[in-house]
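Report on one structure; see the data block that follows.
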Amino acid sequence: MGWTGSLLRQVGGVTRLACQALARMFTRPLDVRETIRQLDRIGVGSLNLTNITALFTGMVLALQTAYALGKFGARLYIGEVVALSLVRELGPVLTALMVGGRVGSGIAAEIGSMAVTEQVDAIRSMAADPVRKLVVPRVWATVAMLPLLTILADGMGIFGGLLIGVFQEGLSPTFYLQRTAQVLTFDDLWLGLAKPVMFAFLIAVIGCYNGLSARGGADGVGRATTHTVYVIAISVLIFDFFITKLFLAL
Amino acid sequence: MSEPVILLHDVTKSFGAKHVLRGVSLEIERGATVALLGASGSGKSVTLKTVNGLVPPDRGEITVLGYPVSTMSEAALTPLRRRVSYLFQGGALFDSMSVFDNVAYPLREHDRLEPAELRERVDELLAMVRLEDVGSLQPSELSGGMRKRVAVARALALEPEIMLYDEPTTGLDPVTGGAIADLIVDLDRRFGVTSLVVTHDIPLVVRVAERVVFLHDGEFIFSGSVEAARREAPDPVREFFAAGGIHA
Chain A
1 MGWTGSLLRQ VGGVTRLACQ ALARMFTRPL DVRETIRQLD RIGVGSLNLT
51 NITALFTGMV LALQTAYALG KFGARLYIGE VVALSLVREL GPVLTALMVG
101 GRVGSGIAAE IGSMAVTEQV DAIRSMAADP VRKLVVPRVW ATVAMLPLLT
151 ILADGMGIFG GLLIGVFQEG LSPTFYLQRT AQVLTFDDLW LGLAKPVMFA
201 FLIAVIGCYN GLSARGGADG VGRATTHTVY VIAISVLIFD FFITKLFLAL
Chain B
251 MSEPVILLHD VTKSFGAKHV LRGVSLEIER GATVALLGAS GSGKSVTLKT
301 VNGLVPPDRG EITVLGYPVS TMSEAALTPL RRRVSYLFQG GALFDSMSVF
351 DNVAYPLREH DRLEPAELRE RVDELLAMVR LEDVGSLQPS ELSGGMRKRV
401 AVARALALEP EIMLYDEPTT GLDPVTGGAI ADLIVDLDRR FGVTSLVVTH
451 DIPLVVRVAE RVVFLHDGEF IFSGSVEAAR REAPDPVREF FAAGGIHA
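Heads up: the sequence lines are chains A and B, in that order. Under the working numbering, think of the first position of the first sequence as 1, with each following residue one higher. Under the working numbering, think of the first position of the second sequence as 251, with each following residue one higher.
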């Protein structure tokens, strides 16, 4: 099967699983134990990764902004640029890419191992539904945790910008935070939170789909895992464009 | 003669260019224990998986306990799968759960038991496979034989009418393998459970099976008693028995 066939199969499979998951997410029963386990693994386990990424991204963004705005004598606006860039774009996308790599691959590896050792068939043979037992808890956990991780990442990024603004550019912390608070509107926050919800759904479903499709032992699980990271990264960037375009048009 | 509870009629299954089943037919009566033999990769496990709908056939009819398995959706198979248990070759225990939770899984899924009742039932099931005090362990802490016995306990949790065994004694020492054989015989005698056993283990076949079916090149080339299999069956079957130490 060529590249196009593989792409169509992936899109078709992920779409079908997404519909199956949506149909079960809002109906009982929810596997509460598994959902709590996934909340811990997905959320708490990703905290350091996303916060460190955001902190240094905020600092680099502030450095670059200061350099660019310095040419026009407008260094006072560092706070605004850093806050807008982080909340509307970089916070959601970078967090999704980081969590997507870590969590998506983890989901694919775990479910893939279950698939190749017949554990998924075992669920089916005991008259249980693998989508309800495996996919729905992971989707809920990712959808619940990614927006929270993104809010924290935004905060860390703004803090990183603040450090540069204060210690390198000589701005007062109060002034920096006031400018940041003034520039952010409800629309920015809404866009910054809507994106992670959609990215989370994508990350979890793509990870689950590739895990459930894994065949042929450890090699198959390895391929499913690397493929998941690749598909998630591309999907997040493509969806980011369309979501941004949609929100700007509204 | 008792009613057939498993019926395969003209079942065909291929994976790409590999034809695994070429129009096979089989009838198994209630309470019977049938051994399904054949070389590795001959399609025995695929046959077993078609019986409870884990693998859909390309063509043909499969009827189990009156349910037309081959034409049913995954959701519609739920009531049938409560009555048909499957013992997977590697046990297929859930790595992320303790032994207790593995055995309790089908009970939590289908029976609304109080915690005390659940514990009592799980302890009883583990005692049946001679495994006490392992409930809190993870599957990774168990030996291969113990894992398989836990899988048997889990498979018995819903008191199935039909048991499908995929190589139940592979990788086990003779004593543990003998215990599994005892259990299969016991389930048949005490509860009238119908069993379809996929295996390469000829002593197990001799011990538990009333009938032997032999799969060769996608077809059942022999169906008859163990005695007939040793004496009158086509060459591949007799060779199989001879290699297992049972000569005509």
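Just so you know, even glycine gets a beta-carbon here, dropped at the ideal spot from N, CA and C.
Contact annotation, VAL349 (chain B) with VAL400 (chain B): C-beta distance approximately 5 Å; criterion of less than 8 Å satisfied. In terms of beta-carbon proximity, GLY288 (chain B) stays away from the interface with chain A, with every pair separated by 8 Å or more.
Rounded to whole angstroms, the Cβ separation of VAL120 (chain A) and LEU212 (chain A) is 6 Å, and the two are in contact under 8 Å. For THR449 (chain B), no beta strand (DSSP E) run applies, since DSSP gives it neither H nor E. Legend: CB atoms of the stretch 336-354 of chain B lying less than 7 Å from CB atoms of chain A belong to residues TYR336, PHE338, GLY340, ALA342, PHE344. Around the CB of GLY291 (chain B), fewer than 16 other CB atoms lie within 10 Å, so the residue is classed as exposed. Contact annotation: PHE491 (chain B) and ILE452 (chain B) have beta-carbon atoms nearer than 8 Å. In its chain, beyond the 5 residues on either side, GLY395 have a beta carbon closer than 6 Å to the beta carbon of LEU422 (chain B). By the beta-carbon neighbour count (other beta carbons within 10 angstroms, threshold 16), ASN352 (chain B) is buried. Any Cβ of chain B closer than 8 Å to the Cβ of ARG124 (chain A) would place that residue at the interface, and such an atom is present. The distance from the Cβ of VAL447 (chain B) to that of ILE434 (chain B) is about 7 Å, consistent with a contact at the 8 Å cut-off. Put simply, the CB of THR117 (chain A) is near chain B, with a gap under 8 Å to one of its CB atoms.
No residue range can be given for SER320 (chain B), since it is assigned to no alpha helix (DSSP H) and is classified by DSSP as neither H nor E. Comparing C-alpha distances from GLU110 (chain A) to each of A:CYS208, A:TRP3, A:ARG215 shows the shortest one belongs to A:CYS208. For the pair of segments examined, the stretch 55-66 of chain A was found to touch the stretch 160-171 of chain A: the number of CB pairs separated by less than 8 Å reaches three. Within chain A, no C-beta atom comes less than 9 Å from the C-beta of GLU382 (chain B); the nearest is roughly 23 Å away.
Assignment of ARG309 (chain B) by DSSP, reduced to helix, strand and coil, places it in the strand class. Here the C-alpha atom of THR244 (chain A) lies approximately 14 Å from the C-alpha atom of GLY91 (chain A). Sixteen is the threshold: since fewer than 16 other Cβ atoms of the shown chains lie within 10 Å of the Cβ of TYR67 (chain A), the residue is exposed. Scanning chain A for C-beta atoms nearer than 9 Å to the C-beta of ARG397 (chain B) yields nothing, as the closest lies near 11 Å away. Within the same chain, no Cβ atom closer than 7 Å to the Cβ of PRO365 (chain B) is found once the five residues on either side in sequence are excluded. Only exposed fits GLU382 (chain B), as fewer than 16 other CB atoms lie within 10 angstroms of its CB.
Between the stretch 227-241 of chain A and the stretch 188-207 of chain A, the count of Cβ pairs shorter than 8 Å is three or higher; the stretches touch.
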